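This report concerns only the one structure given below.
Number of protein chains: 2
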Amino acid sequence: MDDPKPWLALARAPGLHAGSLHGAAGAAIQPLELPRESPAALAALGLGEAAIEALRNPAAKGLAADERWLAGPGRQLVTWGSPAYPALLASIPDAPLVLFVEGDSSTLSLPQLAIVGSRNPTPIGRDTAAQFARHLATAGLAITSGLALGIDAAAHRGALAGGGRTIAVQGCGLDRIYPRENAELAQEIAARGALVSDLPTGAPPLKQHFPRRNRLISGLSVGTLVVEAALQSGSLITARLAAEQGREVFAIPGSIHSPLSRGCHRLIRQGAKLVETADDIFSELGALLAGLRPATHAEAPDPQQDSGHALDKDYEILLDALGFEPAAVDTLVARTGLEAGAVASMLLILELEGRIAQQPGGLFCRRLPGKKE
Amino acid sequence: MDDPKPWLALARAPGLHAGSLHGAAGAAIQPLELPRESPAALAALGLGEAAIEALRNPAAKGLAADERWLAGPGRQLVTWGSPAYPALLASIPDAPLVLFVEGDSSTLSLPQLAIVGSRNPTPIGRDTAAQFARHLATAGLAITSGLALGIDAAAHRGALAGGGRTIAVQGCGLDRIYPRENAELAQEIAARGALVSDLPTGAPPLKQHFPRRNRLISGLSVGTLVVEAALQSGSLITARLAAEQGREVFAIPGSIHSPLSRGCHRLIRQGAKLVETADDIFSELGALLAGLRPATHAEAPDPQQDSGHALDKDYEILLDALGFEPAAVDTLVARTGLEAGAVASMLLILELEGRIAQQPGGLFCRRLPGKKE
Numbered sequence: 000m001d002d003p004k005p006w007l008a009l010a011r012a013p014g015l016h017a018g019s020l021h022g023a024a025g026a027a028i029q030p031l032e033l034p035r036e037s038p039a040a041l042a043a044l045g046l047g048e049a050a051i052e053a054l055r056n057p058a059a060k061g062l063a064a065d066e067r068w069l070a071g072p073g074r075q076l077v078t079w080g081s082p083a084y085p086a087l088l089a090s091i092p093d094a095p096l097v098l099f100v101e102g103d104s105s106t107l108s109l110p111q112l113a114i115v116g117s118r119n120p121t122p123i124g125r126d127t128a129a130q131f132a133r134h135l136a137t138a139g140l141a142i143t144s145g146l147a148l149g150i151d152a153a154a155h156r157g158a159l160a161g162g163g164r165t166i167a168v169q170g171c172g173l174d175r176i177y178p179r180e181n182a183e184l185a186q187e188i189a190a191r192g193a194l195v196s197d198l199p200t201g202a203p204p205l206k207q208h209f210p211r212r213n214r215l216i217s218g219l220s221v222g223t224l225v226v227e228a229a230l231q232s233g234s235l236i237t238a239r240l241a242a243e244q245g246r247e248v249f250a251i252p253g254s255i256h257s258p259l260s261r262g263c264h265r266l267i268r269q270g271a272k273l274v275e276t277a278d279d280i281f282s283e284l285g286a287l288l289a290g291l292r293p294a295t296h297a298e299a300p301d302p303q304q305d306s307g308h309a310l311d312k313d314y315e316i317l318l319d320a321l322g323f324e325p326a327a328v329d330t331l332v333a334r335t336g337l338e339a340g341a342v343a344s345m346l347l348i349l350e351l352e353g354r355i356a357q358q359p360g361g362l363f364c365r366r367l368p369g370k371k372e
Numbered sequence: 000m001d002d003p004k005p006w007l008a009l010a011r012a013p014g015l016h017a018g019s020l021h022g023a024a025g026a027a028i029q030p031l032e033l034p035r036e037s038p039a040a041l042a043a044l045g046l047g048e049a050a051i052e053a054l055r056n057p058a059a060k061g062l063a064a065d066e067r068w069l070a071g072p073g074r075q076l077v078t079w080g081s082p083a084y085p086a087l088l089a090s091i092p093d094a095p096l097v098l099f100v101e102g103d104s105s106t107l108s109l110p111q112l113a114i115v116g117s118r119n120p121t122p123i124g125r126d127t128a129a130q131f132a133r134h135l136a137t138a139g140l141a142i143t144s145g146l147a148l149g150i151d152a153a154a155h156r157g158a159l160a161g162g163g164r165t166i167a168v169q170g171c172g173l174d175r176i177y178p179r180e181n182a183e184l185a186q187e188i189a190a191r192g193a194l195v196s197d198l199p200t201g202a203p204p205l206k207q208h209f210p211r212r213n214r215l216i217s218g219l220s221v222g223t224l225v226v227e228a229a230l231q232s233g234s235l236i237t238a239r240l241a242a243e244q245g246r247e248v249f250a251i252p253g254s255i256h257s258p259l260s261r262g263c264h265r266l267i268r269q270g271a272k273l274v275e276t277a278d279d280i281f282s283e284l285g286a287l288l289a290g291l292r293p294a295t296h297a298e299a300p301d302p303q304q305d306s307g308h309a310l311d312k313d314y315e316i317l318l319d320a321l322g323f324e325p326a327a328v329d330t331l332v333a334r335t336g337l338e339a340g341a342v343a344s345m346l347l348i349l350e351l352e353g354r355i356a357q358q359p360g361g362l363f364c365r366r367l368p369g370k371k372e
């Protein structure tokens with residue numbers, strides 16, 4: 000990216016998102032052209048006064064704070080239409096035009112499962128979240144959550160414990176960590192995955208930021224798993240958004256005597272998949288992930304564009320590189336010249352399709368056709 | 000009934016049921032005409048050699064044992080097409096032609112919920128079954144189960160504790176009680192509801208009798224609630240039969256770490272309604288029971304015949320007899336001249352429809368129109 004400033008100005012326009020790029024007339028507009036539009040044209044795109052003012056006269060102080068933050072290690076913007084912009088997120092109607100990211104932005108394009116739930120779970124709920132996250136992360140799914148206390152933190156920790164990737168979406172600017180109790184966890188996540196927000200530097204963790212944050216958690220993920228949630232839990236909002244975004248919703252049942260199961264039971268009644276084991280999630284996601292192949296490709300250049308054929312070629316290359324002798328991901332990366340993130344995603348999908356098998360020690364090998372375990 | 004012998008002979012013909020009354024040609028035959036049919040005609044109805052032999056040459060010894068049993072207090076046959084034959088059961092494809100009943104056979108025509116589950120439940124599961132049964136029975140639903148140890152017994156006991164009606168369907172002849180641990184409970188059930196079997200005197204509790212017993216449990220009931228069931232539990236058979244019979248299936252979720260929740264979770268995945276409270280069942284059954292009015296009428300003469308108009312008249316009579324001053328069921332029976340069972344059923348339905356309210360002490364009164372609690 001040449002100059003981040005124009006994108007930072009977009010990030011600071013309240014209510015602006017990818018859906019705003021298509022006015023009532025239907026004509027699409029490029030994000031960076033927005034500041035050059037007339038106030039009337041911007042209003043026709045559905046933008047309010049504050050957003051119009053922010054686009055036409057960006058606040059220099061805010062942009063300077065963003066640029067100072069961006070100068071730190073591992074920090075970057077992921078912008079609409081760029082190769083790093085995650086395809087799944089791009090498909091939601093109110094996708095942000097700019098993501099603030101600390102860590103490895105390629106993680107955002109891995110197939111992810113969101114795991115969310117109560118901030119005050121039972122010890123069993125906490126363990127369940129960690130175990131599911133660990134199991135799923137070991138198998139190659141990145142685990143996305145909201146860095147909250149309780150289930151969220153347990154999910155992030157479980158993914159890290161499994162040596163997997165995890166993504167924390169914050170409801171405030173990335174210049175601060177909320178809640179502060181999870182500051183150390185956030186550092187680990189930035190080192191082994193990514194911290195993400197669509198809020199600019201200085202944005203505090205206001206109550207109204209959380210539904211907005213939740214749409215990113217569900218929108219990045221192929222599905223959302225809710226582990227313990229009271230009827231008032233914000234994780235039910237994430238689940239609802241996931242359903243609205245056409246993603247899978249999973250919920251873990253519990254005792255009818257536990258208030259922390261009520262939210263999950265309501266979701267199941269509304270059509271969420273009842274989940275007892277991590278394998279239940281795999282068996283649901285097998286077909287889904289196969290349909291999502293484009294999203295798993297690190298180089299997928301344009302989220303709007305289908306690049307199925309190029310991908311099939313990559314799968315062929317990977318399968319050719321995979322013998323019946325177990326090989327590590329690094330070996331496969333070296334053999335194929337593909338990116339590590341892409342190889343990891345493809346391995347997951349091939350495993351779900353039963354074409355390869357994972358061996359102890361994170362090694363992979365091909366399966367004999369027709370042989371099932 | 001004049002002479003029970005011809006019906007007892009039918010009860011002893013293996014594999015004979017109401018579905019056998021319609022041959023391949025489609026012509027219906029009256030049950031008591033069966034013994035006069037030729038072996039070829041009987042074979043054309045789908046009956047096997049043993050059934051044909053039993054119909055044409057009934058074993059005198061067996062019939063004599065049945066008659067001795069029938070001579071005992073409170074014992075009776077409920078036969079196909081008679082006013083006492085429960086309409087809901089009549090609608091299943093393999094309805095028995097003869098029911099052996101000890102107790103009040105009018106209970107069989109009350110709206111019933113089956114509550115079944117593990118023979119080795121957790122203490123919480125046992126309590127849950129008893130509490131649900133008590134609550135539902137107090138509200139006027141009869142509770143039907145299989146007299147087994149564990150959940151079944153807890154359900155029967157809960158219904159009795161609530162002062163309600165309960166029906167135990169046995170997988171053996173009614174000359175014995177199985178399991179013997181529940182002999183005392185069976186006596187109470189006979190006194191406050193009914194013991195039922197379609198097996199003749201002397202039939203032992205063979206393994207193959209239980210799926211057959213289960214179809215009666217589900218077939219008598221508007222729905223089946225499963226409370227704790229392992230994946231191998233026989234109560235899953237009852238649930239499957241209920242679904243096949245077009246009845247509602249309810250299941251109570253539990254911890255994913257409890258093997259006794261697996262069966263319930265499987266049912267929920269297959270479409271059973273997840274239930275947290277007895278009210279969940281009422282809200283599902285409200286519409287169902289309203290549609291079942293004919294089945295709740297003690298005098299419903301022919302299960303095949305719609306008697307909706309006569310019933311509406313009874314509801315009018317009952318509502319006229321009900322003031323805004325709370326009245327007991329006995330009072331209403333005296334005021335209306337209707338049978339107690341019919342009054343109880345109608346009260347339940349009117350309560351579900353929100354037209355009357357139950358007061359403490361089992362008293363009922365009308366509700367002001369438009370007023371909801």
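Those protein sequence lines, which keep their order, are chains X and P. Just so you know, numbering that gives the first Met the number 0 puts 53 at position 54 of the first sequence, and the rest follows in order with no gaps. Just so you know, numbering that gives the first Met the number 0 puts 202 at position 203 of the second sequence, and the rest follows in order with no gaps. Ideal Cβ placement from N, Cα and C applies to all residues, glycine included. Computed from a predicted model, the values in this text were never measured in an experiment.
| query | result |
| --- | --- |
| Just how far apart, CA to CA, sit Y84 (chain X) and P258 (chain P)? | 44 Å |
| Please list, in chain order, all residues of the same chain as L44 (chain X) whose beta carbon is under 6 Å from its beta carbon, the five residues on each side excluded. | S19, G22 |
| Spatial neighbours of N213 (chain X) within its chain, please: CB distance less than 6 Å, with the 5 preceding and 5 following residues excluded, ordered by chain position. | I236, T237, L240 |
| Taking only beta-carbon atoms, is I251 (chain P) less than 8 Å away from chain X? | yes |
| Check the DSSP bridge columns for V226 (chain P) and list the partner residues they point to. | P:G116 |
| Select from the region 266-277 of chain X all residues with a C-beta closer than 7 Å to any C-beta belonging to chain A, and list them in chain order. | Note that chain A does not occur in the displayed structure, where the protein chains are X and P. |
| Are any of the Cβ atoms in chain P nearer than 8 Å to that of H400 (chain X)? | Because chain X is modelled from 0 through 372, residue 400 (chain X) falls outside the range shown and cannot be assessed. |
| Can you tell me which of X:R365, X:P122, X:G201, X:Q357 puts its alpha carbon nearest to the alpha carbon of G139 (chain X)? | X:Q357 |
| Rounded to a whole number of angstroms, what is the C-alpha to C-alpha distance between I142 (chain P) and L88 (chain P)? | 15 Å |
| If you follow the beta strand (DSSP E) that V328 (chain X) is in, where does it begin and where does it stop? | Unbroken run through V328 (chain X) is the alpha helix (DSSP H), 328-335; no beta strand (DSSP E). |
| Since S217 (chain P) is in the beta strand (DSSP E), which residue starts that stretch and which ends it? | It is not in any beta strand (DSSP E) - S217 (chain P) instead sits in the alpha helix (DSSP H) that spans 208-219. |
| Any C-beta of chain P sitting closer than 8 Å to the C-beta of S254 (chain X)? | yes |
| In this structure, does DSSP put R175 (chain P) in helix, strand or coil? | coil |
| Would you kindly report the start and end of the unbroken beta strand (DSSP E) that includes R67 (chain P)? | Where R67 (chain P) is concerned, there is no enclosing beta strand (DSSP E), although the alpha helix (DSSP H) it sits in stretches over 59-69. |
| Quick one: measure Cβ to Cβ for Q169 (chain P) and S196 (chain P), integer angstroms, because I've assumed they're closer than 8 Å. | 4 Å |
| So what does E101 (chain X) bridge to, in DSSP terms? | X:R74, X:L194 |
| So S282 (chain P) packs on L112 (chain P), CB below 8 Å; how close in whole Å? | About 13 Å; that fails the 8 Å criterion. |
| Taking just the CA atoms, how far does V274 (chain P) sit from P122 (chain P)? | 18 Å |
| Can you name the residues that DSSP bridges to H21 (chain X)? | X:A27 |
| I'd like to know if the region 225-234 of chain X and the region 98-107 of chain X are in contact, where contact means that at least 3 CB-CB pairs between them fall below 8 Å. | no |
| Using only the alpha-carbon positions, how far apart do I166 (chain X) and H155 (chain X) sit? | 8 Å |
| Flag this pair as yes or no: are the beta carbons of A132 (chain X) and G116 (chain X) separated by less than 8 Å? | no |
| Determine the burial state of E350 (chain X): buried for a count of at least 16 other Cβ atoms within 10 Å of its Cβ, exposed for fewer. | buried |
| Could you compute how far the alpha carbon of P252 (chain X) sits from the alpha carbon of H264 (chain P)? | 8 Å |
| With a threshold of 16 other CB atoms inside 10 Å of the CB of S37 (chain P), please say whether the residue is buried or exposed. | exposed |
| What residues are listed by DSSP as bridge partners for L259 (chain X)? | Per DSSP, none; premise fails for L259 (chain X). |
| Please tell me whether F249 (chain P) and A228 (chain P) are closer than 8 Å, where the distance is taken between their beta carbons. | no |
| To the nearest angstrom, how far is the alpha carbon of P302 (chain X) from that of S90 (chain X)? | In this prediction, P302 (chain X) scores a pLDDT of 34, lower than 50, which makes its location untrustworthy; no coordinate-derived value is stated. |
| Mapping DSSP to helix, strand and coil, what is S90 (chain X)? | coil |
| Kindly give me the distance between the Cβ atoms of L69 (chain P) and W6 (chain P), rounded to whole angstroms, as I take these residues to be in contact under 8 Å. | Not really, about 10 Å apart at Cβ, beyond 8 Å. |
| Quick one: residues in its chain with C-beta nearer than 6 Å to the C-beta of T295 (chain P), no 5 flanking neighbours on either side, listed in chain order? | A caution first: T295 (chain P) carries a pLDDT of 36, below 50, which makes its placement in the model unreliable, though a value can still be read off. P110, S344. |
| DSSP three-state label for I142 (chain X), please. | strand |
| Please classify D278 (chain X) as buried or exposed, where buried requires at least 16 neighbouring CB atoms within 10 angstroms. | exposed |
| Based on DSSP bridge pairs, tell me the residues matched to F363 (chain P). | P:A326, P:Q357 |
| Which residue comes first and which comes last in the beta strand (DSSP E) that contains I150 (chain P)? | Not the beta strand (DSSP E): I150 (chain P) falls in the alpha helix (DSSP H), residues 150-160. |
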